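Residue numbers (full-length UniProt numbering): 1 to 102. Glycine included, every Cβ here is placed at the ideal spot set by N, Cα and C. Computed from a predicted model, the values in this text were never measured in an experiment. This report concerns only the one structure given below.
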Amino acid sequence: MIFVEQIMNIKFCILLEKSDMMTYKICKHVYGSDILSRTQVFEWHRGFREGKESDEDDGRLFGHHHISHTTEIIEKVSVVARKQMLQQQSKYQNLRKRIRYI
Numbered sequence: 001m002i003f004v005e006q007i008m009n010i011k012f013c014i015l016l017e018k019s020d021m022m023t024y025k026i027c028k029h030v031y032g033s034d035i036l037s038r039t040q041v042f043e044w045h046r047g048f049r050e051g052k053e054s055d056e057d058d059g060r061l062f063g064h065h066h067i068s069h070t071t072e073i074i075e076k077v078s079v080v081a082r083k084q085m086l087q088q089q090s091k092y093q094n095l096r097k098r099i100r101y102i
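Below you can see the structure in the form of structure tokens.
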């Protein structure tokens, strides 16, 4: 299982200013059935958003998981995040064009 990798990608989503739900959807899309639970994704998201650097910052551990460093998975997350960012930018630009014509 690739839980540590997911946690790092959750932190990456924070840097991209993704919401907790969007982060969960990205992880679910990339990892499929190997995803952390929704609650865990939200807890990690909240923790990183609040400035915590690890699970030890709040005095508790989520447990030790198997570590798998797969550049393929990291690339998938990056591609999905970039694609969503471009879609959001496109929607914003279309909205700006519509507003100008009003």
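{"Check": "Can you have a look at residue 66 and say buried or exposed, based on whether 16 or more other CB atoms are within 10 angstroms of its CB?", "Outcome": "Residue placement at residue 66 cannot be trusted, given a pLDDT of 48 that sits under 50; the coordinates are not used to answer."}
{"Check": "Would you identify the three-state DSSP class for residue 50, choosing helix, strand or coil?", "Outcome": "coil"}
{"Check": "The alpha helix (DSSP H) with residue 5 in it runs from where to where?", "Outcome": "3-15"}
{"Check": "Are the beta-carbon atoms of residue 41 and residue 23 separated by less than 8 Å?", "Outcome": "yes"}
{"Check": "Taking C-beta to C-beta, are residue 26 and residue 6 nearer than 8 Å?", "Outcome": "no"}
{"Check": "Can you have a look at residue 29 and say buried or exposed, based on whether 16 or more other CB atoms are within 10 angstroms of its CB?", "Outcome": "exposed"}
{"Check": "Work out the CA separation of residue 99 and residue 47 for me, nearest whole Å.", "Outcome": "38 Å"}
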